[in-house]
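When you read off a place in the sequence shown, starting at 1, and then add 1298, the result is the number in my numbering.
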Amino acid sequence: NQLKAIFDSYFSVKDALVKSDGDATSAKAKELFNALNAVQMNKLSNEEHTVWMKVMKDLTANAEKIATSKDVAKQRETFALLSKSIYDLAKVSKQEAPVYYQHCPMYNNGKGANWLSKENAIKNPYYGSQMLTCGSTVETIK
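Structure (structure tokens):
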């Protein structure tokens, strides 16, 4: 699966943000950036390719932005944008295991933000230990 490395790296970025670790988040975002650049488009399904063409520029720009910052607050802002594109890819990609689309209603002055997780239990990447379990699963992608 061409996109597996992207999802794996994305989950590593999320886990580093849950720990509020700016250095680890930056390093994992660099891995994500490299995974994005390694995708061979001719090996994607038609559906994946269509979505890939729509989200690729935003994904790489946001991964690079997170990778070049050590400021967790800025990384989280960009992660919210990154998660939208990853969600679009996850919807058209075959997942080995269920992926949980989760929502924090409080982030960004109550506007809220979403993320994807491999586990149904909430571990909030926007607040880390401050509000680790704030949020809910809004969709399960299989």
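C-beta: ideal position from N, C-alpha, C; glycine also.
Three-state secondary structure assigned by DSSP to residue i
{"i": "Y1425", "result": "coil"}
{"i": "V1337", "result": "coil"}
{"i": "E1437", "result": "strand"}
{"i": "L1342", "result": "coil"}
{"i": "D1321", "result": "helix"}
{"i": "S1307", "result": "helix"}
{"i": "S1383", "result": "helix"}
{"i": "D1356", "result": "helix"}
{"i": "T1366", "result": "coil"}
{"i": "T1348", "result": "helix"}
{"i": "N1299", "result": "coil"}
{"i": "E1329", "result": "helix"}
{"i": "L1315", "result": "helix"}
{"i": "Q1393", "result": "coil"}
Test item: CB-CB of residue i and residue j under 8 Å
{"i": "L1330", "j": "S1367", "result": "no"}
{"i": "L1387", "j": "V1349", "result": "yes"}
{"i": "V1390", "j": "E1362", "result": "no"}
{"i": "N1299", "j": "K1392", "result": "yes"}
{"i": "T1323", "j": "A1314", "result": "yes"}
{"i": "L1414", "j": "Y1425", "result": "no"}
Boundaries of the alpha helix (DSSP H) in which residue i is found, first to last residue
{"i": "I1420", "result": "First-last for I1420: undefined, no H or E at that position."}
Residue range of the unbroken beta strand (DSSP E) whose run includes residue i
{"i": "Q1400", "result": "V1397 to C1402"}
Those residues which DSSP pairs with residue i across a bridge
{"i": "A1411", "result": "C1402"}
Residue i burial status per 10 Å Cβ neighbour count (16 or more: buried)
{"i": "V1397", "result": "buried"}
{"i": "T1407", "result": "According to the sequence as given, residue 1407 is Asn; it is not Thr. With fewer than 16 other Cβ atoms within 10 Å, it is exposed."}
{"i": "P1403", "result": "exposed"}
{"i": "K1312", "result": "buried"}
{"i": "V1370", "result": "buried"}
{"i": "S1427", "result": "exposed"}
{"i": "T1376", "result": "buried"}
{"i": "S1383", "result": "buried"}
{"i": "K1326", "result": "buried"}
{"i": "N1360", "result": "buried"}
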